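Reviewing the structure listed below.
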Amino acid sequence: MSVLLDFILLLLALALAFRVATVQDTLGAVIAFVGLGIVLALVWVRLDAIDVALTEAAVGSGITGLLLVRAASRLPSSQARAPAPALKLAAGLLSALLAGALAAVVLLLPEPAPTLALEAARHLPQTGLGNPVTAVLVAYRALDTLLETVVLLLALVGVWSLGPDRAWGGHPEPLAPMPAAPPLSFLGRVLPPFGILLGVHLAWTGADNPGGAFQGGAVIAAMLLLLLMAGHARMPALSGQRLRVLVILGPAVFMLIGLVGVLATGSFLGFPESIAKPLILFVEAALILSIAVALGLLVAGPATRAAQ
Amino acid sequence: MSILLGIFTILAVGAGCVFFIAGTLGLLRFPDALTRLHALTKADNLGLGLILLGLLPQASSPWMAAKMVGVWLLMQLASGAVGQLLAETALGEATPEDRP
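Protein chains in written order, with my numbering: chain V, 1 to 308; chain X, 1 to 100.
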């Protein structure tokens, strides 16, 4: 029975991926991409990788999907800018090459595949955490996660710099026409309290169960965007001081605690064992705020009118 | 007792599946956006509601059951609101003679 389910999921994923690549109209491709993300999340659930499934659903499908819908609605119609056949062919070849290389890497893995899973599980008590994925992200490979959050900042600066000069630091294009439709306004009043609670819960429970700052941050970002869409909050000016402090808070706290690690244990991002868990939770708490605001601002896009 | 509960689960989940299949059929076969939405939201409300009702006796704890009811309530909220939004957009795009 579960083989049948896996087979159906696999077929669905392949069919949706095919549709994303072949459908002519941009918005159609984006919708198929969001569907593909949901199916992939289910595939990860079937592989018992709940952390990855949550991230795929929240960030890969949800926030990225929203960002792409917004980008697609701003582009001119897809017929008007069909790429040259040579470019299409080159892109297709490159994608096939990448897929082939990835497949080769996975298929040619030695048996048993090299793994650090046992090591990760063995040192878990030292971090005070119960979820090995969170331990990898915030303790063992903390530097990678720190750089990831910095990459998010750089991406945001990149998006901001796409706007015209005169609007720099101003307000992004509204997410939806105002005044908002009554059902949207209603949803924007009822859903955010639950959504924000869920986001905080995802980050908090990430210490011992599947979840974490990225998933929780994405859910909170979705709630912030819903508030903007429903007209309950005004699109902020990107030059706002509080906004910018929020965006850099996570990486800044992470780096500061990393420096504390130098003093306490002699290595950057080394957590002293006795207070490892409180430190990690503190970092996660700062990260979730920054990730939520940064993801929301990525969807909001560059400023299009000057600050009032 | 557990056999009775099992039968109840099978009946309710089965009925829920019927609603989902009918809703999907409607989505594929109905002529315009509003009737398709009608079919889809019925599947969401009744189909999911019946499946959930069937699964409630199988929940491992009352807490788990409460979580499932919470999921259903949130789904009701989202599908109801989004259904209305889609319908408004569809009406806005329809030509005057298409309007009901």
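For every residue, glycine included, the Cβ atom is placed at its ideal position computed from N, Cα and C.
Please read these numbers as outputs of a predicted model, since none were measured by experiment.
Can you tell me whether residue i is buried or exposed? The criterion is at least 16 other CB atoms within 10 Å of its CB, across all chains shown.
i: glycine 6 of chain X; result: exposed
i: histidine 123 of chain V; result: exposed
i: serine 274 of chain V; result: exposed
i: valine 133 of chain V; result: buried
i: glutamine 215 of chain V; result: buried
i: glutamate 352 of chain V; result: The structure shown does not extend to residue 352 of chain V, since chain V spans only 1 to 308, so no value can be given for it.
i: isoleucine 8 of chain V; result: exposed
i: isoleucine 257 of chain V; result: buried
i: valine 151 of chain V; result: exposed
i: alanine 32 of chain V; result: buried
Look at the Cβ atom of residue i, then the Cβ atom of residue j, and state whether they are nearer than 8 Å.
i: isoleucine 280 of chain V; j: threonine 127 of chain V; result: yes
i: valine 219 of chain V; j: alanine 58 of chain V; result: yes
i: valine 159 of chain V; j: proline 251 of chain V; result: no
i: phenylalanine 19 of chain X; j: proline 57 of chain X; result: no
i: serine 79 of chain X; j: threonine 24 of chain X; result: no
i: proline 210 of chain V; j: asparagine 131 of chain V; result: yes
i: glycine 212 of chain V; j: leucine 153 of chain V; result: no
i: methionine 235 of chain V; j: leucine 228 of chain V; result: yes
i: alanine 135 of chain V; j: alanine 120 of chain V; result: yes
i: proline 183 of chain V; j: glutamine 84 of chain X; result: yes
i: leucine 263 of chain V; j: alanine 230 of chain V; result: no
i: valine 34 of chain V; j: alanine 72 of chain V; result: no
Of all the options the options, which has the alpha carbon lying nearest to the alpha carbon of residue i?
i: valine 13 of chain X; options: X:Ile21, X:Leu27, X:Leu50, X:Leu73; result: X:Leu50
i: valine 45 of chain V; options: V:Val30, V:Gly62, V:Asp6; result: V:Asp6
i: proline 225 of chain V; options: V:Val157, V:Ser185, V:Val253; result: Reading off the sequence shown, one finds leucine at residue 225 of chain V, where the question assumed proline. For the residues V:Val157, V:Ser185, V:Val253, the minimum Cα distance to leucine 225 of chain V belongs to V:Ser185.
i: proline 172 of chain V; options: V:His232, V:Val299, V:Glu56; result: V:Val299
i: alanine 237 of chain V; options: V:Gly169, V:Leu154, V:His201, V:Ala221; result: V:Gly169
i: arginine 36 of chain X; options: X:Pro62, X:Glu93, X:Ala87; result: X:Ala87
i: alanine 180 of chain V; options: V:Phe254, V:His232, V:Leu287, V:Gly199; result: V:His232
i: cysteine 17 of chain X; options: X:Gly92, X:Ala43, X:Leu27, X:Ala81; result: X:Ala43
i: glycine 296 of chain V; options: V:Leu12, V:Ala15, V:Pro174, V:Gly100; result: V:Pro174
i: leucine 287 of chain V; options: V:Ala307, V:Val253, V:Ala306; result: V:Val253
i: valine 293 of chain V; options: V:Ala32, V:Pro125, V:Ser61, V:Thr149; result: V:Thr149
Roughly how many angstroms separate the alpha carbons of residue i and residue j, rounded to a whole number?
i: valine 314 of chain V; j: glycine 65 of chain V; result: The requested residue 314 of chain V is not part of the displayed model; chain V covers only 1 to 308.
i: aspartate 51 of chain V; j: glutamine 241 of chain V; result: 33 Å
i: glutamate 284 of chain V; j: serine 290 of chain V; result: 10 Å
i: valine 43 of chain V; j: alanine 17 of chain V; result: 14 Å
i: leucine 48 of chain X; j: glycine 261 of chain V; result: 50 Å
i: leucine 11 of chain X; j: leucine 53 of chain X; result: 10 Å
i: isoleucine 248 of chain V; j: leucine 68 of chain V; result: 24 Å
i: alanine 91 of chain V; j: arginine 29 of chain X; result: 37 Å
i: alanine 41 of chain V; j: leucine 54 of chain V; result: 7 Å
i: leucine 47 of chain V; j: leucine 4 of chain X; result: 33 Å
i: proline 76 of chain V; j: glycine 37 of chain V; result: 25 Å
i: leucine 93 of chain V; j: alanine 222 of chain V; result: 36 Å
i: alanine 276 of chain V; j: aspartate 208 of chain V; result: 14 Å
i: alanine 59 of chain X; j: alanine 65 of chain X; result: 6 Å
i: threonine 205 of chain V; j: leucine 129 of chain V; result: 10 Å
i: valine 105 of chain V; j: leucine 147 of chain V; result: 25 Å
i: leucine 14 of chain V; j: leucine 77 of chain X; result: 31 Å
i: glycine 217 of chain V; j: aspartate 25 of chain V; result: 31 Å
i: alanine 39 of chain X; j: asparagine 45 of chain X; result: 10 Å
Give the residues of chain B in contact with residue i, contact being defined as C-beta atoms less than 7 Å apart.
i: proline 183 of chain V; result: Looking for chain B here will not work: the only protein chains present are V and X.
If contact is defined by three or more beta carbon pairs under 8 Å, each pair taking one atom from either stretch, is the stretch 135–143 of chain V in contact with the stretch 265–279 of chain V?
Between the stretch 265–279 of chain V and the stretch 135–143 of chain V there are three or more inter-stretch CB-CB distances shorter than 8 Å, so the stretches are counted as touching.
Next on the checklist: Under 8 Å: do the stretch 186–201 of chain V and the stretch 102–115 of chain V share three or more Cβ pairs, one atom per stretch?
Outcome noted: no
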